[in-house]
Amino acid sequence: MSDNGFVRTGDGHVVVQVRLTPKGGSDRIDGLGELADGRKVVLARVRAAPDKGAANAALEALLAKAVGVPRSAVSLITGHTARLKGLRIDGEVSDLIERLRRLTG
Numbered sequence: 069m070s071d072n073g074f075v076r077t078g079d080g081h082v083v084v085q086v087r088l089t090p091k092g093g094s095d096r097i098d099g100l101g102e103l104a105d106g107r108k109v110v111l112a113r114v115r116a117a118p119d120k121g122a123a124n125a126a127l128e129a130l131l132a133k134a135v136g137v138p139r140s141a142v143s144l145i146t147g148h149t150a151r152l153k154g155l156r157i158d159g160e161v162s163d164l165i166e167r168l169r170r171l172t173g
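Under our numbering, think of the first position of the sequence shown as 69, with each following residue one higher.
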């Protein structure tokens with residue numbers, strides 16, 4: 069897997085690092101942010117509360133729609149109960165990276 073800041077690439081997928089704000093008033097991507105340790109992350113917020121996985125499901129749906137892939141192509145792989153999350157997106161790696169770069173500015 070190679071690393072491109074907030075995106076790690078693998079064979080037929082990318083893993084995106086996200087900082088999620090649940091109960092954020094709207095479902096949207098707020099661009100890129102930087103954590104205190106210097107890591108870059110995608111900043112996202114969803115209306116759903118972090119109850120029984122609702123916020124995680126909303127994040128998966130938001131990211132799928134934002135990059136133009138089916139909902140089934142996005143899965144949460146790390147951070148199930150944390151604000152920092154890793155999401156795997158299956159698809160053509162170069163297309164996904166380009167869409168993510170446009171999405172985050």
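Glycine residues also receive a C-beta, built at the ideal position from the N, C-alpha and C atoms.
- Message: Checking the sheet assignment: what are the DSSP bridge partners for Ser143?
- Response: By DSSP's assignment, Ser143 forms a beta bridge with Arg156.
- Message: Quick check on the burial criterion: 16 or more other C-beta atoms within 10 angstroms. Buried or exposed for Ile97?
- Response: Counting the other CB atoms within 10 Å of its CB gives Ile97 a total of 16 or more, which places it among the buried residues.
- Close-in-space but distant-in-sequence residues of the same chain around Ile165 (CB under 8 Å, 5 per side omitted): In chain order, Asn72, Val75, Thr77, Val82 place their CB closer than 8 Å to the CB of Ile165, counting only its own chain and leaving out the 5 sequence neighbours on each side.
- Verify whether the separation of the beta carbon atoms of Ser143 and Arg151 is less than 8 Å. Not closer than 8 Å, so no.
- Cβ-based burial, Gly173 [other Cβ within 10 Å; buried from 16]: Exposed is the call here.
- Task: Check whether the Cβ atoms of Lys133 and Leu88 sit closer than 8 Å, and answer yes or no.
- Result: Taking 8 Å as the Cβ cut-off, Lys133 and Leu88 do not qualify as a contacting pair.
- Could you please give the first and the last residue of the uninterrupted beta strand (DSSP E) stretch that includes Lys91? No beta strand (DSSP E) holds Lys91; DSSP gives it neither H nor E.
- Could you say which of Gly99, Arg115, Pro118, Ala141 lies nearest to Val109 if we only look at CA atoms? Closest option to Val109, Cα to Cα, is Gly99.
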